[in-house]
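Peer 1:
Structure follows, in C-alpha cells:
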C-alpha cells in the first residue's frame, strides 16, 4: 500500500495546493487514461508526473475521479458479477492468490469492488450485510483460495475496503484536531461539534465561534475542516449538504480544504451566501478580534467555564451585546 503522509510537513509544505483549471484537467486526463490499479496510478501521480503538486491533493482527485467513474457504471454491476464469477471459476487453478488482482486490472475496477460483485453473485441467497462481513473478515469465506484472493485485494486497494475507510476516518479526525489546536493558539474561543449537539443543534460545523472575529474585513462565525481537495463539483455538493445550513443558522464562515482547491472554487457564485474558501488556517495578521472594554463590561458579567470533554475554554452561553468599534484591536 502506498505511503500516505499525515499532516503536511517538511518539503511537502512547499508543494502547490491551489491548481489552475488546465493543470487540474491534465491530472484528470492522466487518471482516466491510466490502465492498472488505482494504487499504482497514485504512485505515478505523486512520484513521477506531478511531483510539484501536494501529494494528498493528487490522492483526493484520484479518489473523486474513480468514484464518479464507478457511479456511472453502477447499473452494469449485476451483469458483470456473473461474468467475473465465471472467469474466476475457470482460471482459479492457473494462478496463486493474484487472480482477482489481475482481473481488476483487466476490468478497470477497484479490487474490493470486483470482490463485492463476485461475492454477491456467488452467495446470492445471502443478505448484503453478509457480503460486507465477508469483505471485512475474508477468513470467513468457505473457499480458502477465494479467501486468499479477497485478502490480497483488500490490502492492494487504496480506494475501498476497511483499511482505506479507517485511514480516511483517522485523517479527518487528525485535521479536525489540527483546526482546534490552531484556533486555540490564535486565541479563538469556540464551541465544537459535541458542544453544539448538547445544545440541540443537528447540523454543526467543526467549530462555532462564541464571539465572531473578522477575517480580511469579513465576519466569521464558524469554520469547517475538510481533509480533502476542493474541486468545484465537490464544493457545490458541500454547500448543498452542509454549508448553506451553517450560513442560514450561524451566518458567514470559513471552509478549509487542507489539501488545496481548484482555483475557481473560491470565486463560485454559490459562495455569495457567506462562504470563504481557504487552503490553510487563517494567518494571524489577517484576524481581528472583538475586545470587551472592562470599564464598560464588568468582568463578573463574563461567566467563564471549562468543558472537561473538549478541554476548550468556553465563554459562557451566547449573548447579544453592542461592541464599540473603537475596541476592535488587531492581533500583533
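Numbering (this note's numbering), first residue to last: 1084 to 1415.
Glycine is no exception: its CB is placed at the ideal position from the N, C-alpha and C atoms.
Within the 8 Å Cβ cut-off, does residue 1101 reach chain C?
Peer 2: You won't find chain C in this structure, because it holds only one protein chain.
Peer 1: Look at residue 1134 and residue 1175 and say whether their C-beta atoms are less than 8 Å apart.
Peer 2: no
Peer 1: Are the beta-carbon atoms of residue 1289 and residue 1259 separated by less than 8 Å?
Peer 2: Yes, they are a contact pair.
Peer 1: Could you have a look at residue 1268 and say whether DSSP puts it in helix, strand or coil?
Peer 2: helix
Peer 1: What residue does the alpha helix (DSSP H) around residue 1359 start on, and which one ends it?
Peer 2: Here residue 1359 belongs to no alpha helix (DSSP H); instead the beta strand (DSSP E) covers 1358-1361.
Peer 1: Do you know offhand how far residue 1103's Cα is from residue 1337's?
Peer 2: 21 Å
Peer 1: Go ahead and label residue 1212 buried or exposed: buried means 16 or more other beta carbons lie within 10 angstroms of its beta carbon, across all protein chains shown.
Peer 2: exposed
Peer 1: Out of 1113, 1286, 1220, point me to the one whose CA is closest to residue 1332's CA.
Peer 2: 1286
Peer 1: Go through its chain and collect everything with a Cβ distance to residue 1311's Cβ below 8 Å, but skip five positions before and after it.
Peer 2: 1143, 1317, 1340, 1341, 1342
Peer 1: Pull up the distance between the alpha-carbon of residue 1087 and that of residue 1255, whole angstroms please.
Peer 2: Because the pLDDT at residue 1087 is just 41, under 50, the model does not fix this residue reliably, and the value given afterwards should be weighed accordingly. Between residue 1087 and residue 1255, the C-alpha separation is close to 13 Å.
Peer 1: Do residue 1141 and residue 1101 have their beta-carbon atoms positioned less than 8 Å apart in this structure?
Peer 2: no
Peer 1: What are the residues that DSSP puts in a beta bridge with residue 1219?
Peer 2: Paired residues: none, contrary to the question.
Peer 1: Tell me whether residue 1213 sits in a helix, a strand or coil according to DSSP, three-state version.
Peer 2: helix
Peer 1: Excluding the five sequence neighbours on either side, which residues of its own chain have a C-beta within less than 6 Å of the C-beta of residue 1128, listed in chain order?
Peer 2: 1141
Peer 1: Just the Cα atoms here: how many angstroms apart are residue 1170 and residue 1365?
Peer 2: Cα to Cα, residue 1170 sits roughly 54 Å from residue 1365.
Peer 1: First and last residue of the alpha helix (DSSP H) that includes residue 1295?
Peer 2: Where residue 1295 is concerned, there is no enclosing alpha helix (DSSP H), although the beta strand (DSSP E) it sits in stretches over 1290-1298.
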